[in-house]
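Single-structure report; data block below.
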């Protein structure tokens, strides 16, 4: 079966955070990380069937939900886990916040590799913890890597209790290799630093850059970690608010479960449960088509920058649908450039400084849209940079 990702749905006025935030309806939004594609038909059909039921009370997550999650990760990623290791919640950001609450005390240091997803900063701050930022290294081709020496130094700090890892990494687009993850895990284990691995983009990787679940590393590493996953990014169902935390250690799970309840994010809605089961049981063919389309979008964008904005450096993309672009040679402060793009040229992107240290001079562009819309958005950016 083929799927039409070139369809251009009109999302204005739908209550979309992405589309209805800009005051000017002519603005093309290429910022927040949701897609402009209709989700998999199997998910839509499952949701229609659930709506027909007509009763939407509190949800008891069925055993089949856990089996669907396990089947998916076993089949696609070689990672099998029992239902008792899974804690469901309303999203990966609430999950990260609850895990930080569970595994730290106010004043503890949380290690983060920057630039990093902006919500990580507030999760650290809101739990009374101190940021310990490690700048990712960047080579001559713009490809990022982990500064293991700095990680070892910061992990050795007695106040450092936790590392937030992002794999695939947002915003750099790196998909960490198994050997890189094992080295991170070893450093953290040796220094008694707990690991949160945010793997929300795990399905969105490209050929030659396979996703390695942190949960497939050694048993000792797994017991000092909690892995956060969700179908929300891959299947464009973030508004259904569902995510899972997988933790191997029973004592760790008890602490996280307590924090989930303390933060009052222990309930999920019935549509998220139904959509997850449909995605994992019947959405694989659609997802593979999406990944191919996103890769073609990336290749198109890379060519477009080379031909029309050669002064900008496009970061190689291994995973996610988020293009990280160095615009420092354009001679404008990033915040001013983004304001100009939105107000004058009618295209909204994410300013790099929103992602903390290392984000200066960058913009982040969402590629998850029909090709015609991508071309129009990039053309507007090109006009601003001429």
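Numbering (my numbering), first residue to last: 797 to 1182.
Backbone N, C-alpha and C fix where the C-beta goes; we use that ideal spot for every residue, glycine too.
- With fewer than 16 other CB atoms across the displayed protein chains lying within 10 angstroms of its CB, residue 849 is exposed.
- Between the C-alpha atoms of residue 991 and residue 912 there is a straight-line separation of about 15 Å.
- If you check the CB distance, residue 1089 and residue 1113 do not come in under 7 Å.
- By a beta-carbon distance limit of 8 Å, residue 1070 contacts residue 842. Their separation comes to about 5 Å.
- Close CB contacts of residue 898 within its chain, under the 6 Å cut and outside five residues either way in sequence, are with 1051, 1052, 1055 (chain order).
- Taking residue 1156 as reference, the option from 942, 877, 1162, 1129 with the minimal CA-CA separation is 1129.
- Where residue 1158 is concerned, there is no enclosing alpha helix (DSSP H), although the beta strand (DSSP E) around it starts and stops at 1158-1162.
- Its chain contains 820, 822, 823, 824, 1176 as the residues whose beta carbon lies nearer than 7 Å to that of residue 1142, once the 5 sequence neighbours on both sides are disregarded; these appear in chain order.
- Between the alpha carbons of residue 1061 and residue 936 lies a distance of about 43 Å.
- For residue 967 against residue 1086, the beta-carbon gap comes to about 20 Å, at or over 8 Å, which does not count as contact.
- For residue 810, there is no enclosing beta strand (DSSP E), as DSSP marks it with neither H nor E.
- Under DSSP, residue 1147 takes part in a beta bridge, and its partners are 1159.
- If you look at residue 1039, you'll find it in the beta strand (DSSP E) that goes 1039-1042.
- Annotation for residue 860: no beta strand (DSSP E) segment contains it, though the alpha helix (DSSP H) segment containing it runs 859-873.
- Using a Cβ-Cβ distance cut-off of 8 Å, the region 999-1006 and the region 1038-1050 are not in contact, since fewer than three pairs of beta carbons, one from each stretch, lie closer than that value.
- When the Cα atoms are used, residue 1010 and residue 1182 turn out to be separated by approximately 44 Å.
- In the DSSP assignment, residue 925 falls outside any beta strand (DSSP E), carrying neither H nor E.
- Distance check between residue 1103 and each of 1174, 944, 931, 887 places 1174 closest, using alpha-carbon atoms only.
- For residue 1130, there is no enclosing beta strand (DSSP E); the residue is found in the alpha helix (DSSP H) stretching over 1130-1139.
- Three or more Cβ pairs drawn from the region 950-964 and the region 982-999 lie within less than 8 Å of each other, which places the two stretches in contact.
- If you compare the alpha carbons of 1073, 838, 957, 939 with that of residue 923, the shortest gap goes to 957.
- Straight-line spacing of the CA atoms in residue 984 and residue 1075 works out to 34 Å.
- The beta carbon of residue 921 is closer than 8 Å to those of 927 in its chain, skipping five residues each way along the sequence.
- Only residues of its own chain outside the window of five on either side were considered, and among them 1007, 1009 have a CB closer than 7 Å to the CB of residue 873, listed in chain order.
- Distance between residue 943 and residue 798, taken at the CA atoms: about 42 Å.
- Annotation: the continuous alpha helix (DSSP H) that includes residue 895 extends over 888-899.
- Selection 1045, 861, 803 evaluated against residue 1073 yields 861 as nearest (Cα-Cα).
- In this structure, DSSP gives residue 825 an extended state, which the three-state scheme calls strand.
- Secondary-structure assignment with DSSP links residue 940 through a beta bridge to 934.
- Under a 10 Å Cβ-count criterion, residue 806 is classified as exposed, with fewer than 16 other Cβ atoms of the shown protein chains found around its own Cβ.
- Classified as exposed, residue 800 has fewer than 16 neighbouring CB atoms from the shown chains inside 10 Å of its CB.
- In the assembly as shown, residue 988 is an exposed residue. Its beta-carbon has fewer than 16 other beta-carbons within 10 Å.
- By the criterion of a C-beta distance shorter than 7 Å, residue 1120 is surrounded in its chain by 967, 968, 969, 1111, 1158, 1160, once the five residues flanking it on both sides are discounted.
- Per DSSP, the beta bridge partners of residue 991 are 959, 1021.
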